[in-house]
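**Student:** With our numbering applied, the sequence shown covers 1 to 1077.
One structure, pasted below without further comment.
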Amino acid sequence: MPTSFTVVPVDDGRKSAQEDTDDSNVLKEEDEETEGDGNPRESIPFFHNTEDEKGNLYDGKNMALFEEEMDSNPMVSSLLSKLANYTNLTQGVREHEEADEDEGAKKKKVKSPQMGTFIGVYLPCLQNILGVILFLRMTWIVGTAGILEAFIIVSMCCTCTMLTAISMSAIATNGVVPAGGSYYMISRSLGPEFGGAVGLCFYLGTTFAGAMYILGTIEILLTYIVPNAAIFKTDDKELQAEAMLNNMRVYGTCCLALMSLVVFVGVKYVNKLALVFLAAVVLSILAIYAGVIKTIFEPPVFPVCLLGNRTLQNHNFDKCLKTEIINNVTMTTKLWSLFCKGPELNASCNEYFSINNVTEIQGIPGLTSGVISENMWSSYGPAGMLVEKSVASEESIDTSQDVLMPYVVNDITTFFTLLVGIYFPSVTGIMAGSNRSGDLRDAQRSIPIGTILAIATTTIIYLSCVVFFGACIEGVVLRDKFGDSVKGNLVIGTLSWPSPWVIVIGSFFSCCGAGLQSLTGAPRLLQAIARDGIVPFLEVFGHGKANGEPTWALLLTAFICESGILIASLDAVAPILSMFFLMCYLFVNLACALQTLLKTPNWRPRFKYYHWTLSFLGMSLCLALMFISSWHYALVAMLIAGCIYKYIEYRGAEKEWGDGIRGLSLNAARYALIRLEESPPHTKNWRPQLLVLLNLDSEFTVKHPRLLSFTTQLKAGKGLTIVGSVLEGTFLTKEAEAKRAEQNIKSVMAAEKTKGFCHVVASSNLRDGISHLIQSAGLGGMKHNCVLMAWPGSWRQSNDPQSWKSFIETIRETTAAHQALLVAKNVDSFPHQERLTEGTIDVWWIVHDGGMLMLLPFLLRQHKVWRKCKMRIFTVAQMDDNSIQMKKDLQMFLYHLRLNAEVEVVEMHESDISAFTYEKTLVMEQRSQMLKQMQLSRTEREREAQLIHDRNTASHSAINDKADATPDRVHMTWTREKFLTERNRNREANASMTVRDLFNMKPKQSNVRCMHTAVKLNEVVRCKSQDAHLVLLNMPGPPKNRDGDENYMEFLEVMMEGLNRVLLVRGGGREVITIYS
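Set out below in C-alpha cells:
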C-alpha cells in the first residue's frame, strides 16, 4: 500500500549554514571503511555522517530528549535523506584516456544507469554461455554418448545452472549487489572465510576458462583455417598428436601475450568489440538451425569413405575407390597407395584392405533420413579405438599395422563422466548479468528475468542441438572429433548454411571474445578480493595503474593462464575449470539455502520464486557433478578451497559482513544448548568445563599466565573454557578498565593457545564478583563444572585478610554449586610449552571425590607437554586397613578404568603428637589472635577518624549558622577530649590483658589434630613425591565455623610445604569416571 509523507519545517529562529550544501553531499559507495578502533568494517551508507552533518542533527530543540543517542540512532529525516541520495552506481574502472585531468575540480556527473534486461543481462549471459564447447565438442559428445546419454548430460548441467540461477536471483535481489558479482554475493552471505576461498576458486575458474578459450581459438586456427601454419609437422602418425600439442603451446602463448596486451592497453577496446563477438555467436547459431532445416529438402554433400566398417581420414585421396578404369586400363588410386607398398595391382597390401571393400556414404544424410535410431546409443572406447559403422565386415587377423593406417580413431579414452566434465563449461557464464548490476536500470528486476531467460534459451538450444545433430549427421562423423573424415572440415560446420565458413569464422571470433572477456574479468575479481584484505598475501594485487587498472593482477592471471595453455589440450583443461565453477555454484546454492532456513531478518529477496529445497537440490547436484566429472580434480579443488579457508581463519579475518555462517553457528549453538539442558551429561561424557579465575595487577595484566598454559594442557582444545576476572568498583566507573583487562586477557589466551571465552566483571568487592562468576558464567547446558585458580601464595604477608577470606569463600561456593575446584600452587613454575622428560605425575588419593584425581592426570597426559610422564597413585592405609589387599583392589579398579599407573599404599600409623606439631599449632593460634587484635585496633582507628570527620563537619556548619546558635554546639569539643582520654586508658588495659593471654593460652585440641594430619601427610608426600613433576592432593573442605578460616589456610600451607608443583583437587559431588563402556 503506498504511503505518502509530508515534511513540515519547524522554524527555531536560526538557519543552518550548511543548508545549501547538505543536498550536495553524495554518499560514497564503498565496501568497507576503517573506524576508530582500527578494524575495517563494512560501511552502512545510511548511517555514515560527517562531522559537519552531526552539528546540524542536534539543532532542533524538540529532539533534545534524544540528543545523547543521536550518534547511534539518527533522526528519521536524516535516514530518509540518505536513502534519497543513495545510488547503486559501481565505482567502475576509469580509462586513462577518460581520467579526470583537472586536479581538485568537480567530478563529472555520473549518468544514471540505463541498461535494461535484454541488453544488460540477457545478451551478456547468452554470449558467455554459448561458446567453444558448442562449436568444437558438442557433435563429438553426441556421437560418443549417444542421443539419450547426451540428453542426460545436457539436462543435468542445465538443471544445475538453472537451480543456481534461482538461488543467485534470490541473493542478488536481497539488496544492492555492487561490482564483484558472485564473489560479492558469496562473501557477504557466507562470510570472509568462505568468501575468500570460493572467490579465489571462481577466479581460478575464470582464469582457466581464458586458457580454454585461447586453446579453442588456436585449435580452430590450426585445424580448420590455416593448417599449413603449424610450426611442428611430422608424417609419423604416432607423433602427430604430440606435434599438434606443441603447436598449441607456441601459438597459445603468443595469443595470450597479444590478448593480455590488449587488456592492458584498455578495457574499453574489449567492450567495443563485445558486440562483434556477440553477433558472431548469434549468426553461428542461426546458421546451424538454417542448415538443419535445409537438410530436409537438400542435404549438403559431404561424402565419407568407409573401408569395411572403418572410417577413413579423407585427407590424402580424392576418390573413395581402390582402383579405377581409365581408358579401359585398371589403375590404382591414391587410396591404394596408402594401404599397399606400391601402385602396382600385384603389390602387397594391408590384410584388412585386401579383404574389405570401400564404400562411400553421406556424412549429412538429413533430418528425415532415420539416422537418429543409429545414433541413439553410446559408443565409448579406449584411446586408439577405431571409429566404425555398424555394418558387416571381414576382420583381419593381423591388426598390428592398424595404427599406421589412415583410420579415424579415438584420440582419448572416452566414458560418461569424462564427457560431463568436458561439457559443463558450456553452461557456465550465468554470472555475467550479476556482474553488471551497477549498469542496470533496475538490477533487482533485470538480473532474475534476464539470467533465467538466458539459461532457458541456451538449454533449449543445447537440447535441440543434441536431437538435431543425432538426427542429421552420420554417427561416424559425429564421433570424428576433428572432421578428418570430411576433409578436415569442422563437423558442426558441415551442417550449417550457407557455408561451413560461417561457423568456423563465427566460432573463431566467439572464442577470441570469450578469452578477452576472461582476461578482463579475472584480474578485476582478484583485485576485488585483494582490496577486501581477507587474504593478506594477495594485497599486492589490489594495486594497479593510476586509473585503477589491475596491472599486477593481470600479470598473475596471465601466468596462471599460461599454465593452462601449456597443458595444450582442450579436453584436459575443461574439467579443471568445471571444478572451480561447480564449487562456486555450490556455495551460491548453500548461501541461499542457509539464509532461507535461518530466516535471517535481513533476508527479504524481491525474487519470490525460490525455496530452500531447490537450493539444496542445486547444491547436491553441483557436488555430484564435481565427483562425476573427475573425483581427483574435485578433491584437489576442495583441498585448495579448504586450505584458503583455514588460512583466512588462521590469520583472523577482520571482516564482519553479517554472514549466514554466523547465523548457522548461532542456530546450531542454540539447538545444542537446548539439547544439553534437557538432561545432565552422563558420567561417560563428563569432562572438565573450566572457569579459570585470574588475578590482575594494577596495570590490568595477568599475574599468572602459566595458569592459562595449564588450562590448555588440561583441555587440549576440547570442552568449555571461561576465563574470568573481577575488578572492584561499579561497571559505570570501570567500563574502560574492564575492556582493557579483557583485551589483555585475550592476548594472553592467544599467546598461551587457550581456546575459550573471556569474561571480566566489575563488582563492589572481590568476593561478590567471584560469586557472580561462579553462579552465572556460561549459558544453559554449556556451564562450567570446575573452577581453576592459583593458590594465594602471599596470604600470610597480606595486611588485608579479605584476600584469603575470598579464597575460602570461593571454596565454599564451589562446593555449594556442586562444582569441582582445582587450586594450583607455584603455578608460575608449571611447564609452558617445553616437553617434560621422563618423570611422574603423583596422585595422592586420600578420600574419594568422584574420581577427579584419576581423571586429571589422564587428561594431562594427552598433551605433548606431559605425554612422557608416568602416573603414580598413592593411597593412605590406616592402622586397621589391610594394605596388601588395598593395593590389589586399587590395581583392579585402575584396570577396569583402563588407566595405566603404578600403585603404592602408604601406611600412616597412629603416633603421638609431636612437640613440633603442638608448638606449630600454638604459634598458629597466637598469630591468629594477634591479627584479630591488630584488626580490631585498625577498626577503632577508622572509627576515630570517622568521628573526627563528623565533628569537623558539624563545626563547619555551625559557623555558617545564624549568630544566635545554641551553646550546646560548643560543648562538643570538651566531650571529644574526654572521650579520647577515656579510650586511651581502656586501650592500655586491654592491650596488657591481650599480651598476658597470648603467653598463657593453650591450643585447641581440634586444631592440634588437624595440624598433626597436615604435618604427617606432608612428611609422607615429601618423602615419596619430592621429585615428581606434579603432585595432586585431595583438598580438605573449609571449617563450618568461619572463626577457623585462618587456621584452615595454615593447614593447607603446612600440607603443601616443601613441594614444588601442587594441584589441590576438590570434587564436585558427582562421579566423573566410570568403569563401564
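For every residue, glycine included, the Cβ atom is placed at its ideal position computed from N, Cα and C.
Should the region 404-412 be regarded as contacting the region 373-393, the criterion being three or more beta carbon pairs within less than 8 Å?
**Tutor:** Yes: at least three Cβ pairs fall under 8 Å.
**Student:** What does LEU1064 pair with, by DSSP beta-bridge criteria?
**Tutor:** VAL823 and LEU1033, per the DSSP bridge assignment.
**Student:** Any chance the region 864-883 sits against the region 832-841, with 3 or more Cβ pairs inside 8 Å?
**Tutor:** Yes, since at least three Cβ pairs between the region 864-883 and the region 832-841 fall closer than 8 Å, the two stretches touch.
**Student:** Determine the closest residue to ALA243 out of ALA257, LYS870, GLU219 and THR139, with distance taken between C-alpha atoms.
**Tutor:** Considering only alpha carbons, the answer is GLU219.
**Student:** Quick check: the region 747-764 against the region 800-810, are at least 3 beta-carbon pairs closer than 8 Å?
**Tutor:** Contact between the region 800-810 and the region 747-764 is absent, because fewer than three Cβ pairs lie under 8 Å.
**Student:** Considering only DSSP beta bridges, list what ARG872 is partnered with.
**Tutor:** Looking at the DSSP assignment, ARG872 forms a beta bridge with ASP842 and GLU902.
**Student:** CB-CB under 7 Å to LEU860, same chain, minus the five flanking residues each way: which ones, in chain order?
**Tutor:** Answer for LEU860: GLN713, LEU714, ILE841 and TRP866, listed in chain order.
**Student:** Out of curiosity, what's the CA-to-CA distance linking LEU666 and TRP603?
**Tutor:** So the two alpha carbons sit approximately 16 Å from each other.
**Student:** Rounded to a whole number of angstroms, what is the C-alpha to C-alpha distance between GLU1050 and ASN900?
**Tutor:** Their backbone Cα atoms lie some 35 Å apart in a straight line.
**Student:** Below 7 Å CB to CB, which residues in the same chain sit around GLU98 once its five sequence neighbours on both sides are set aside?
**Tutor:** Note that GLU98 scores a pLDDT of 40, beneath 50, so its modelled location is shaky and nothing firm can be said.
**Student:** How would you call TYR650, buried or exposed, if buried means at least 16 neighbouring beta carbons within 10 angstroms?
**Tutor:** Per the 10 Å Cβ criterion, exposed.
**Student:** Taking its Cβ as the centre, do 16 or more other Cβ atoms sit within 10 Å of ASP23, making it buried, or is it exposed?
**Tutor:** Caution applies to ASP23, whose pLDDT of 42 falls short of 50 and renders its modelled position unreliable; the model cannot decide the point.
**Student:** From ALA522 to GLN240, what distance separates their C-alpha atoms?
**Tutor:** Approximately 34 Å between the Cα atoms of the pair.
**Student:** Measuring alpha carbon to alpha carbon, tell me which residue in LEU597, CYS622, PRO605 and ARG767 is nearest TRP612.
**Tutor:** Taking only the C-alpha atoms, the option nearest TRP612 is LEU597.
**Student:** If you scan the region 665-739 from start to end, which runs of the beta strand (DSSP E) of 3 or more residues do you find wholly inside it?
**Tutor:** For the region 665-739, whole beta strand (DSSP E) runs of length 3 or above, ordered along the chain, are 690-693 and 721-728.
**Student:** Whose CA, out of TYR183, PRO792 and ARG898, lies closest to the CA of SER434?
**Tutor:** Comparing Cα-Cα distances from SER434 to each of TYR183, PRO792 and ARG898, the minimum goes to TYR183.
**Student:** Using the Cα positions of GLU813 and LYS1016, report the straight-line distance between them to the nearest angstrom.
**Tutor:** Their Cα atoms are separated by approximately 29 Å.
**Student:** Give the secondary structure of MET115 by DSSP, where H, G and I count as helix, E and B as strand, and everything else as coil.
**Tutor:** Of the three classes helix, strand and coil, the one that applies to MET115 here is strand, per DSSP.
**Student:** By a C-beta neighbour count over all protein chains shown, 10 Å radius and 16 as the cutoff for buried, is VAL477 buried or exposed?
**Tutor:** Buried, by the Cβ-count rule.
**Student:** Return the CA-CA distance between ALA211 and PHE469, expressed in angstroms with no decimal places.
**Tutor:** One C-alpha to the other measures close to 27 Å.
**Student:** Three or more C-beta pairs closer than 8 Å, one from the region 308-322 and one from the region 159-178: is that the case here?
**Tutor:** Taking 8 Å as the limit for Cβ pairs, the verdict is that the region 159-178 does not touch the region 308-322.
**Student:** Determine the extent of the alpha helix (DSSP H) in which LEU621 is found, giving its start and end residues.
**Tutor:** Where LEU621 is concerned, the enclosing alpha helix (DSSP H) stretches over 612-629.
**Student:** Using beta-carbon positions only, say whether ARG872 and GLU907 come within less than 7 Å of one another.
**Tutor:** No.
**Student:** Secondary structure at GLU1057, three-state DSSP: helix, strand or coil?
**Tutor:** Reduced to three states, the DSSP call for GLU1057 is coil.
**Student:** To the nearest angstrom, how far is the alpha carbon of GLY450 from that of GLY483?
**Tutor:** Going from the Cα of GLY450 to the Cα of GLY483 covers about 36 Å.
**Student:** Under 7 Å, do MET619 and LEU594 count as touching if we go by C-beta distance?
**Tutor:** No, they are not a contact pair.
**Student:** Here's a check: name, in chain order, each residue in its chain whose Cβ is nearer than 7 Å to the Cβ of ALA741, leaving out the five neighbours to either side.
**Tutor:** If we look at ALA741 and ignore the five residues flanking it on each side, its Cβ neighbours are LEU696, PHE700, SER725, LEU727 and VAL760.
**Student:** Roughly how many angstroms lie between the CA atoms of ASN1089 and GLU562, to the nearest whole one?
**Tutor:** Beyond the ends of the chain as shown, which are 1 and 1077, falls residue 1089; an answer cannot be given.
**Student:** Any idea if VAL636 is buried or exposed, counting beta-carbon neighbours within 10 angstroms, 16 or more meaning buried?
**Tutor:** Under this definition VAL636 is an exposed residue.
**Student:** CA-CA distance, ASN327 and PHE302?
**Tutor:** When rounded, the distance between both Cα atoms is 28 Å.
**Student:** Name the one or two DSSP bridge partners that MET331 has.
**Tutor:** DSSP output for MET331 lists GLU324 as bridge partner(s).
**Student:** Using DSSP with H/G/I as helix, E/B as strand and the rest coil, what is ALA877?
**Tutor:** Strand.
**Student:** I'd like to check one pair, SER378 with ALA145: are the Cβ atoms closer than 7 Å?
**Tutor:** Going by C-beta atoms, ALA145 is nearer than 7 Å to SER378.
**Student:** Quick one: grab the DSSP three-state call for SER763.
**Tutor:** SER763: strand per DSSP, three-state reduction.
**Student:** Cβ of VAL502 less than 7 Å from any chain B Cβ?
**Tutor:** Any reference to chain B falls outside this structure, which holds one protein chain only.
**Student:** Consult DSSP for LEU490 and reduce its assignment to one of helix, strand or coil.
**Tutor:** LEU490 falls in the coil class under three-state DSSP.
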